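Residue numbers (mature numbering (1 follows the signal peptide of the UniProt record, and there is no 0)): -15 to -1, 1 to 115.
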């Protein structure tokens, strides 16, 4: 009886078809970019909307001793982008020349396993990437 139960569970597990992962159509993330050599730093928050092809980036840019604060809204369906400079208090409208970039997982993508990126010398200093 126990063997039949185990074989049944193994059969059910093997018979399942793998389903690809999906990414959410809307999400937010933080952006950090630092270049010590050129004394450049960018810190911001990205809001992403794949449903309506929109992006919003609120960021702080430091170049040397100068710093600026921007709010950028990109509307890819309308091919227009609005950049508001908080320091200068002006808004600029410009045409978007770059194509829309979908951050989602394509249906043809395959998994190549898992790996850790980072140091294994100290605990919790690596990132598990699948």
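Think of the CB as a built atom: it goes at the ideal place given N, C-alpha and C, for glycine as much as any other residue.
The structure presented is a predicted model; accordingly, all values stated were derived computationally and were not measured.
- Under the three-state reduction of DSSP output, residue 16 falls in the strand class.
- Excluding five sequence positions before and after residue 49, the CB atoms of its chain that fall closer than 7 Å to its own CB belong to 24, given in chain order.
- In the three-state reduction of the DSSP assignment, residue 81 falls in the coil class.
- Counting along the chain, the unbroken beta strand (DSSP E) around residue 29 starts and ends at 25 to 34.
- Contact annotation, residue 110 with residue 103: C-beta distance approximately 5 Å; criterion of less than 8 Å satisfied.
- Per the Cβ contact rule, the stretch 5 to 19 is not in contact with the stretch 52 to 63 (fewer than 3 Cβ pairs under 8 Å).
- Listed as beta-bridge partners of residue 111 by DSSP are 103.
- In the displayed model, residue 59 falls within a strand according to three-state DSSP.
- Contact check for residue 31 against residue 46 fails: the beta carbons are separated by 8 Å or more.
- DSSP, reduced to helix, strand and coil, places residue 68 within a strand of the structure shown.
- In this structure, the alpha-carbon of residue 95 lies about 32 Å from that of residue 81.
- A straight-line Cα-Cα distance of about 10 Å links residue 74 and residue 68.
- Per DSSP, reduced to three states, the secondary structure at residue -2 is helical.
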